[in-house]
């Protein structure tokens, strides 16, 4: 029985659907409640923190002065253009964004802690907030941090030799600038942690809603100056992360500090408002681009100036370079770009810190490249599909101007398939008929490359001091023949445990139910990097595959010895080891018992059945084409998505049901980026969107059924033949939706330059174009 | 009523709790005492008289999904109600609570204002009646004084000849409307003989628009008339702008929702 490739329902789901999963807030019984007093202003110098009279205080208040033995969070890139800005656990002399933690209060209950937090007054000499690119980059602008004069925290630049010549010889030059609004990854479960001090061992166990438990342990231990062995970090069930729960946040350090200080169990459960204010934000980019084309619409060169608002601090461990440097390296996307000029800056402002969010840089760079194709197609009078056909990468491996090597993909084939499914000629007829009735339908496509499953080589190229990327697993078969797979990855809703169980089951000849996957606990899993960057299936999957193969090899050897045949004749299948061509066989459970309890028979094979797996690939590119069909109501500015098609190539699909779920969720978040979600600061740096009445994730009413089709280009770069697929939906959808809106409104000749394309913004461009 | 009087200064009555509890979560509302009306069955009723529909203040929104009476009024209420938030909210939230909260984008407030409802307000001292025109005092402000509660709402029925329309636009299904219009028309021989128009979401509270009604009467029931009256509506409102829509956008949108609600009412009136 082959399990890989089957739409197996997720093994995780029964627990979750029956409400039996334990999330952080289920673990706070007996804990004191922690709340944070947060800066009410975006920038300024703290003059005094007024605490209530200790005699009347039902709890404790701690400020930076109390945490004098605690260091700062410090993400490091070893690049000359990188500015190191220390990120304090509690604000020290100054505050740098609205919502920054200034004091920690601890009381018996959450309500008392909230009361106590309200009685702490932070006096601040406020300064004018710097929230926008224009403010931050203005001549003589105040430095948000003294360490970063000019407010640029990181900058990547390159220019191939022929850029200027290409522009000089171009038949057409297309130039524009685009903006993406600021988004929240907005996991359903906000952040939270429960830190429990064990008086017997002096250790603290931190249960926290995070994606990178091992990294969190390293980060907290470093900032507190304690050995990692004094701390255990556990990610229990985690209600979504999407990147927001990768970074080391001050609140977790404060929690562990408080548990050690008070020798008590303390719990902080973030509410939605705090999550919006102070967790981590994303997007908020402005890309300016020029593309040079020859007369046939072939791209000769691009020249781009890319700005990413990275907020007040640099997220640890990946740093504020993650957005600008990925944009720098990957802007050309799936297109052949012979000459490339780019300047990409991470700009610091008095806003919440930026951290990775599903897609990182690529939703915006895909929007940019797809707009470049659409606008060039109009300017040159070429069909939008045809211009892409002429520019997509078709020969592999392809080396990009920034040195990325694209393994084999199906950029052209995926687009052609999507175009066939959408039946564009029939759509054009319908579009024309609708226009005659005053209705505006449009179709838009986006083609993109999703770099996934990349290991240490990719992170090292970014000059990160902490270089993530590999994964390790421990695969152990117990005497009953069941497998426990302990992984360094930390899935939080992806269904990875099911997919790994399918993979391991096939390697060893078991059923997925026989494989228990353990993750998220630093005491019981090998050091690893967690789950992010569309990596876990490729890298943790690769490590699991390799470890399971070692187990299988041992089982074969043992079986061969007991059955008196050569080990290469042993087939492991359906729980049985069979000597092929014979009727001799053993149950795998019998073999496992023999290897544990009768190891004296096996000599060099040793006792027990435990193997380590390690995998650190260079990475592999998934690709996809998205097509959106929309109807725009020119009177309300509203957009209804009528149809959404995805043709995805993620290599071999381990579990297509899970892959489809990843794509559907990602597309919904991409549609959110295109139409709905935006975090808005006012000119004083006050966040206006702090509830779900103001920040608008789309619901099932706004998201159409996503039509998903697959192609399977097998790459030698991935040991499991799977490519990553976690982020693609969010990467491709925004560009397709905006392209479709522009097509719908093409009779008015408008362009959409900013996401989200809200009804107000669409009405605004229409009003300008048609006068009403 | 005695409890309400005794806690007039620092107590709040709680009906469906769909706005108050959220405000308490944000610590924006901090009542010392909550007086829960959910057990007061006498406030949860719908009665029909020959000329009126009388709605108990604790009647849940969801009660209106099916027409509660024959004729245009029952139809109108059942076409308004799906626009109120989401189903779970409609199962808890109440008609009276919505009027007392008086959100500028409350659908029921527009219904009450446009159809000239009469509000019955009760207290330990007895009942008094206030017409809609005097009931809404501004954003989140009504004629209900501390120590009083809204007991019932009397809605005049519309005769069989009326057609009604309701159109609202929001960013997502169930969000507060950026603009809404409620209309009722009588059409005789292709011309409008009587009209009701109310707007919500574009002023401090839901309002009946007498100028628009006057502009409609005598005009042909055509798309041109509706567009023209929509334009007129957009000149009569001064909506506030916020992150969901600028003032200019909401003014534009007013024209659209009015024209669409009028077209719907005319279709129904002439069907």
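Protein chains in written order, with the UniProt record's numbering: chain A, 1 to 772; chain B, 1 to 271.
Beta carbons: idealized from backbone N, C-alpha and C, even for Gly.
Can you list, in chain order, the residues of its chain whose CB lies under 8 angstroms from that of residue i, leaving out five sequence neighbours each side?
i, result
"residue 347 of chain A", "133, 136, 137, 151, 152, 153, 307, 308, 309, 310"
"residue 173 of chain A", "167, 290, 291, 292, 293"
"residue 721 of chain A", "651, 652, 714, 715"
"residue 187 of chain B", "163, 193, 221, 266, 269, 270"
Which term fits residue i, buried or exposed, when burial requires 16 or more other beta carbons within 10 angstroms of its beta carbon?
i, result
"residue 181 of chain A", "buried"
"residue 20 of chain A", "exposed"
"residue 270 of chain B", "exposed"
"residue 144 of chain A", "buried"
"residue 134 of chain B", "exposed"
"residue 701 of chain A", "exposed"
"residue 678 of chain A", "buried"
"residue 33 of chain B", "exposed"
"residue 69 of chain A", "exposed"
"residue 101 of chain A", "buried"
"residue 157 of chain B", "buried"
"residue 759 of chain A", "buried"
"residue 30 of chain A", "exposed"
"residue 190 of chain B", "exposed"
"residue 47 of chain A", "exposed"
"residue 280 of chain A", "buried"
"residue 205 of chain B", "buried"
"residue 737 of chain A", "buried"
"residue 218 of chain B", "exposed"
"residue 362 of chain A", "buried"
"residue 635 of chain A", "buried"
"residue 747 of chain A", "exposed"
Closer than 7 angstroms by C-beta to residue i: which residues in its own chain qualify, once you throw out the five before and the five after it? Chain order, please.
i, result
"residue 74 of chain B", "67, 68"
"residue 472 of chain A", "488, 526, 527, 528, 543, 612, 613, 614"
"residue 272 of chain B", "Chain B is shown from 1 up to 271; residue 272 of chain B falls before or after that span and cannot be answered."
"residue 524 of chain A", "486, 518"
"residue 783 of chain A", "Any question about residue 783 of chain A goes unanswered here, given that chain A covers just 1 to 772."
"residue 218 of chain A", "228"
From the DSSP secondary-structure annotation, give me the bridge partner or partners of residue i.
i, result
"residue 144 of chain A", "According to DSSP, residue 144 of chain A bridges with nothing at all."
"residue 304 of chain A", "A/289, A/342"
"residue 331 of chain A", "None, per the DSSP bridge assignment."
"residue 282 of chain A", "A/183"
"residue 610 of chain A", "A/476"
"residue 257 of chain A", "Bridge partners of residue 257 of chain A: none, in fact."
"residue 398 of chain A", "A/406"
"residue 131 of chain B", "B/118"
"residue 625 of chain A", "A/447, A/647"
"residue 172 of chain A", "A/293"
"residue 45 of chain A", "A/94, A/125"
"residue 204 of chain A", "A/197, A/231"
"residue 578 of chain A", "A/571, A/585"
Closer than 6 angstroms by C-beta to residue i: which residues in its own chain qualify, once you throw out the five before and the five after it? Chain order, please.
i, result
"residue 93 of chain B", "16, 18, 61"
"residue 775 of chain A", "Any property of residue 775 of chain A remains undetermined from this structure, which presents chain A solely from 1 to 772."
"residue 437 of chain A", "none"
"residue 7 of chain A", "656, 657"
"residue 313 of chain A", "87, 353"
The ligand ADP heavy atoms versus the CB of residue i: any closer than 8 angstroms?
i, result
"residue 52 of chain A", "No copy of the ligand ADP appears in this structure; indeed no ligand is present at all."
Taking a Cβ distance cut-off of 7 angstroms, strictly less, list which residues of the region 263-279 of chain A are near chain B, in chain order.
none
Tell me which residues of the region 236-260 of chain B have at least one Cβ-Cβ distance to chain A shorter than 7 angstroms, keeping chain order.
243, 245, 246, 249, 252, 253, 256
Between the region 164-182 of chain B and chain A, which residues of the former have a C-beta closer than 8 angstroms to a C-beta of the latter?
169, 171, 172, 173, 174, 175, 176, 178
Would you check if the region 357-373 of chain A and the region 333-346 of chain A touch, i.e. whether three or more CB-CB distances between them fall below 8 angstroms?
yes
Give me the subset of the region 608-641 of chain A whose CB atoms are less than 9 angstroms from a CB atom of chain B, sorted by chain position.
633, 635, 636, 637, 638
To be precise: take each residue of the region 671-701 of chain A, compare its Cβ to all Cβ atoms of chain B, and keep it if any distance is under 8 angstroms. Which residues remain?
676, 678, 680, 688, 689, 691, 693, 694, 696, 698, 699, 701
Does the pairing of the region 618-636 of chain A with the region 447-454 of chain A give three or more beta-carbon distances under 8 angstroms?
yes
When you check each C-beta in the region 415-439 of chain A against every C-beta of chain B, which residues fall closer than 7 angstroms?
none
Short-range partners of chain B found in the region 737-768 of chain A, where Cβ spacing is below 8 angstroms:
758, 759, 760, 763, 764, 767
Count the CB pairs spanning the region 67-86 of chain A and the region 108-123 of chain A that are closer than 8 angstroms, and state whether there are at least three.
no
Within 8 angstroms, do at least three Cβ pairs link the region 162-176 of chain B to the region 140-148 of chain B?
no
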